[in-house]
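Note sheet for the following structure.
2 protein chains.
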Amino acid sequence: MANQYISTRNLQFLLHEVFEATTLNQYEYYQEYDKEAFDMTLDASKQLSDTKLFPYYTEMDKQKAYFENGIVKAHPQLKPIIKAIAEGGWISAHNSFEQGGQQMPLTLLNAALLIMYSANANAAAYAFLTQGASNLIQSFGSQELKDQFIPKMYSGDWQGTMALTEPQAGSSLIDLTSSAELTEDGYYKITGQKIYISGGDHDAVDNVVHLLLARIKGAPAGTKGISLFVVPKLREENGGFVKNDVTTAGIFGKMGQKGYVAAHLMLGEQEDCRGYIVGQPNMGLRYMFQMMNEARIATGLMATGTASGAYYAALQYTQERAQGRHPSNKDASQPPVTIIEHADVRRMLLLQKAMVEGSASLLLQCSYYADLHEAAEGETKEKAHLLLELLTPIAKSYPAEAGIKAVSEGMQCLGGAGYCDDFPLEQYYRDIRINAIYEGTTTIHGMDLLGRKIIMKEGKALQLLSAEIQGLIVACLKDERLAPYAQKLGATLKELGDTTTHLLGLARKETPETFLSDATLYLEYFSLVILGWQWLLQGQKASAGLATAATEDEQHFYEGKLLTMRYFMEYEIPKTRGMKERLFSEERVTMETRAEHLA
Amino acid sequence: MANQYISTRNLQFLLHEVFEATTLNQYEYYQEYDKEAFDMTLDASKQLSDTKLFPYYTEMDKQKAYFENGIVKAHPQLKPIIKAIAEGGWISAHNSFEQGGQQMPLTLLNAALLIMYSANANAAAYAFLTQGASNLIQSFGSQELKDQFIPKMYSGDWQGTMALTEPQAGSSLIDLTSSAELTEDGYYKITGQKIYISGGDHDAVDNVVHLLLARIKGAPAGTKGISLFVVPKLREENGGFVKNDVTTAGIFGKMGQKGYVAAHLMLGEQEDCRGYIVGQPNMGLRYMFQMMNEARIATGLMATGTASGAYYAALQYTQERAQGRHPSNKDASQPPVTIIEHADVRRMLLLQKAMVEGSASLLLQCSYYADLHEAAEGETKEKAHLLLELLTPIAKSYPAEAGIKAVSEGMQCLGGAGYCDDFPLEQYYRDIRINAIYEGTTTIHGMDLLGRKIIMKEGKALQLLSAEIQGLIVACLKDERLAPYAQKLGATLKELGDTTTHLLGLARKETPETFLSDATLYLEYFSLVILGWQWLLQGQKASAGLATAATEDEQHFYEGKLLTMRYFMEYEIPKTRGMKERLFSEERVTMETRAEHLA
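In order, the protein sequence lines correspond to chains A and B.
Mapping the first sequence onto the numbering used here, position 267 (from 1) lands on 267, and the numbers just tick up by one.
Mapping the second sequence onto the numbering used here, position 518 (from 1) lands on 1117, and the numbers just tick up by one.
This is how it looks when you write it as structure tokens:
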């Protein structure tokens, strides 16, 4: 218990009982992944996490990364950690055999990664940033780029990054101004600045490979003039490596994730920064969307992992700390009870469990759709693709937003101790906050959901999703243990449908600004229904599991699942009532407000 | 604008237009406080805050207090800050003339203090802890104690503290074990440990005076055996000062409020720690409740001030930062707009304004009741006392909990910049979190509200409060600008009444554990209605003000108030719908859950 940061039993439940993910081996690409392969994979990740990652979580915060004499000094353990992850084959695990990978289903890989993120998100993040960057080269790069960069990225010797943000271009990428000029030698001369570049420079690797967006001189304005380049920190020349005129101006002083550097980079100050184009000119943003979608799921995993670590730290404390007595027996001569005996402490723990395990379930659901999109054919493939597209903004933002609440409740379980650095809760609290900003703020995902995903293909994704949820509800109405909750979710789904119809009506009558003005609230509403779906699904499988549970531990596991499902339906789903009231209202408070009203 | 951390115009609105607080000068105690005295007081506080407090807010965090060679080193500016606050007469301002004070109404004093807390809560807190401690000596101490300690506390030379918490006794004070043994010389020998003692030791003062709870040997168990002592760090002996065997073991590594030390104290390790009893033996907890109630209002002010500072920092950023375009005109060749142009950014700003100014209003409402309780007679006095008692758990916990959300939205307005220490938002975010733990966690206040305050005097306080709110609603129904919101609040108040009746019914049918199991949720529900009341009240006065506004600025001020009231009614009040659904439910999820379900 002392070292618990995740429940592997829960991951097995999700993989085998909820998603039956070993059935993916019906597809050729994944044919080697039977139950044994799944279990070995989880074990390997847990082993690595127990020994290499978790022991350094708080240490990497207290002995944080720093910038000195032009060099970013990472924690000394980072190098062996990155090497260990790389040697385990984790960076390339999902890639094809011919690419040097293991053709591992994303459903399994992401379950394994969740273990690592739970153990130490700040260390794991470096390796999985390299994964995303190398995937971009694999998907769109020339053979020459692949040969030159990928082996060193898979081996963990070189760090990959995604270099998008500039001082004047954050949420609005179309305003980026970094420029690229084609030379006679075939490479591009790059100039510009990039900020908040995670893993952008550090001394735990020999080189850093930036997947960087810039504009080729003369390219059209807006999204259609952005190209993607590989820009290394050091470039190969005459059999050796020379500096590629990528200078680190400094690292950002972040509130949390202090072990995970974010760098400020200056490119081409000496006019000697070379970039190598990936794919076709002006297609950069489209290519980058692949990495951004992967990064959104990765952000969800990071948030969920951080909240999982915090949950188990809080759970342990509540079982050890004695304080107070039951309201019905306040006799001061009796010893105090452990605080898990207090109902409100259990409410806070259930909230955390519901958010952590609900998020994990949703992320594996999305991963499963990604696997079907990759391996299946025809309608199954298309449906999986549409559902993944629709669910991505929720899979990114719910774990981030709910994770902030969950960790805060974890801190609250510890009282004053939670606020102090003798316990890890204060670090989890600082660390998790960034996930609602990474990879598009929550607002951006609200706009993505309501402004694009709901209406794409004339609402087909939404119809498929509703049918999926409705099917589950119908099945669960037959189980009396589940029927009241299935009914409640059904009514809520219906209300969400009515609300969506109402908003789409607004889109026709009012300005786009008005239509989208409460998109964040709609995202929150939609997310609660999605999580309700994932919890009912888990409830369905837990109900089945309970019927055949062989041991007391198994019985408690399934009972715990059912109680947590009930927590979600009782305490979280009702929050949609007020959201519906607001979204149906004709008051346009935020639209009427101007800057001069806010002083 | 660059240095704004609070709106003094808003404080004038609350004092003069909402509470008409100068009418307090009808009572003899406050007779000197006319409008001019009010305005001079606010000006003096603003002047002090602008010059001495606000300039050091971030600096006191970056150059935090530390413990070295047995000495707690505070920021070098702390000493001049404490002296300046003391010299302004702020520590004793509320006390009577004969006590050396100015008989300043609490309503005015707390408005002035809110300015200081907004400017730099971590510095101001030291002085107002001394205020609370000296008030305890004033109320219950002997003349000798008053003569010995109070002058040096009022002058800012000595720090006061409240020394309650022990390693095994936090929320449950009755388990404290620090002991006191009467000696032949009339003083007590104190032994024990105290933790999390704010201001408990530092080098910006010459001495620290602990108002400390301990048990006299042989005293009864539980609450009835706790006594209150003055325990100084240095005691007077033979015309000089000697160490009083109070040793600082260290200070806590807090996530925030790094300029405001929390010490771990060892008492009587050399058996030479002397304590001087305050008032009667075994009455300590009762006396301490005076300080705790003051400290609860002070915590509300601290949280509100912190959220106010964060709000204005976020507001400034949103008016300077250009990013993105309106959904109806995404032409990339046009320059981007400042982000306050985006509706969702305005939603986040309105949320902050609603929570900051709503909290300020509630805290001044409570202060006004405290003044009436002190100065008035008969029914007015009793009503004021009952309402203050009922509202205190909300005045403590709402600003703390809502403040956490408000500052988080402030950070979100800045995106990545909000997470980095080039901007103050990350500090506000760390700093504000403790307020939901200080002076009783939110759970404790939920239990206080539902388990004690609602039912005290057969529900008389609740009846008085309902009548007060209902009276306002009836008045506002006549103003067509307010009627829809008055109606909405009225319906919500009715629902809250029904819910309260339902819960009190449970109290008769079920165990106290079940009755109180959702007390935190009830507190949140109750708080929203209370804040709705405060916003309708502000709306009523703003509507009146708008009718006679002489300048454009004044017009915008009142329009901003009305828009923020509407924000609260549209986005916050509907949250009660789901709470009602939950509180009426017969599902007992948290009661059925056991530790083994949560692993």
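We put the beta carbon where it would ideally sit given N, CA and C, even for glycine.
- For the region 450 to 464 of chain A, the residues whose beta carbon sits under 8 Å from a beta carbon of chain B are, in order, G451.
- With respect to chain B, the C-beta atom of A/G578 has a partner C-beta closer than 8 Å.
- Between A/A37 and B/S1116, the gap from beta carbon to beta carbon reaches 8 Å or more.
- No residue range can be given for B/L652, since it is assigned to no beta strand (DSSP E) and is classified by DSSP as neither H nor E.
- Collapsing the DSSP output to three states places B/G821 in a helix.
- The region 1161 to 1176 of chain B makes contact with the region 584 to 599 of chain A; the number of CB pairs closer than 8 Å reaches 3 or more.
- Nearest to A/F289 by C-alpha distance, out of A/F140, A/M104, A/E409, is A/F140.
- In this structure the region 855 to 863 of chain B lies against the region 718 to 725 of chain B, because at least three pairs of beta carbons, one per stretch, are closer than 8 Å.
- Uninterrupted alpha helix (DSSP H) stretches at least 4 residues long and entirely within the region 980 to 1040 of chain B occur at 1024 to 1031, given in chain order.
- In the DSSP assignment, B/V944 falls outside any beta strand (DSSP E) and lies within the alpha helix (DSSP H) extending over 942 to 974.
- Residue contact with chain B for A/Y187: absent (no Cβ-Cβ distance below 8 Å to any residue of chain B).
- Interface residue (Cβ-Cβ distance to chain B less than 8 Å): A/S585 is classified as such.
- Annotation for B/S797: no alpha helix (DSSP H) segment contains it, though the beta strand (DSSP E) segment containing it runs 787 to 797.
- Annotated three-state conformation of B/A1148 is coil, per DSSP.
- Among the residues of chain B, those whose CB is under 8 Å from the CB of A/A519 are D943, following chain order.
- Against B/I825, chain A offers no close residue; the least beta-carbon distance is about 11 Å (beta-carbon pairs closer than 7 Å).
- For the pair of segments examined, the region 126 to 142 of chain A was found to touch the region 276 to 293 of chain A: the number of CB pairs separated by less than 8 Å reaches three.
- Here B/E988 is actually not in contact with B/K929; their C-beta atoms are around 56 Å apart, not less than 8 Å.
- When the alpha-carbon of A/T304 is set against those of A/V407, A/Q4, A/F241, the nearest one is in A/V407.
- Using beta-carbon distances, B/K1140 does not count as an interface residue toward chain A, since no partner is under 8 Å.
- Comparing alpha carbon positions, the residue from A/K541, A/D245, A/G459 closest to A/C476 is A/K541.
- Here A/K233 is buried. Its C-beta has 16 or more other C-beta atoms within 10 Å.
- Restricting attention to A/I251, A/F526, A/N207, the CA atom closest to the CA of A/G240 is found in A/N207.
- Neighbourhood of A/C420 in chain B, by CB distance below 9 Å: Y795, F851, G852, K853, M854, A861, in chain order.
- For a cut-off of 8 Å, the C-beta gap from B/L900 to B/N709 is around 6 Å, short enough to register as a contact.
- Three or more Cβ pairs closer than 8 Å define a contact, and the region 484 to 500 of chain A falls short of that threshold against the region 915 to 924 of chain B.
- A residue is called buried once 16 or more other Cβ atoms fall within 10 Å of its Cβ, and B/G731 is buried on that count.
- What A/E592 touches in chain B, judged by beta-carbon distance under 7 Å, is L1162, going in chain order.
- Only H1155, E1158, G1159 from the region 1141 to 1159 of chain B bring a Cβ to less than 7 Å from some Cβ of chain A.
- When Cβ-Cβ separations below 8 Å define contact, A/Y29 makes no contact with chain B.
- B/K788 places its beta carbon 8 Å or farther from that of B/R895.
- Taking a contact as a CB-CB distance under 8 Å, the pair A/L528 and A/T576 counts as one, their CB atoms being some 5 Å apart.
- Contact annotation: A/S45 and A/L129 have beta-carbon atoms that are not nearer than 8 Å.
- Rounded to whole angstroms, the Cβ separation of A/S171 and A/T441 is 7 Å, and the two are in contact under 8 Å.
- Between B/Y753 and B/I690, the gap from beta carbon to beta carbon is short of 8 Å.
- The three-state reading of DSSP puts A/A93 in coil, since its state is none of H, G, I, E or B.
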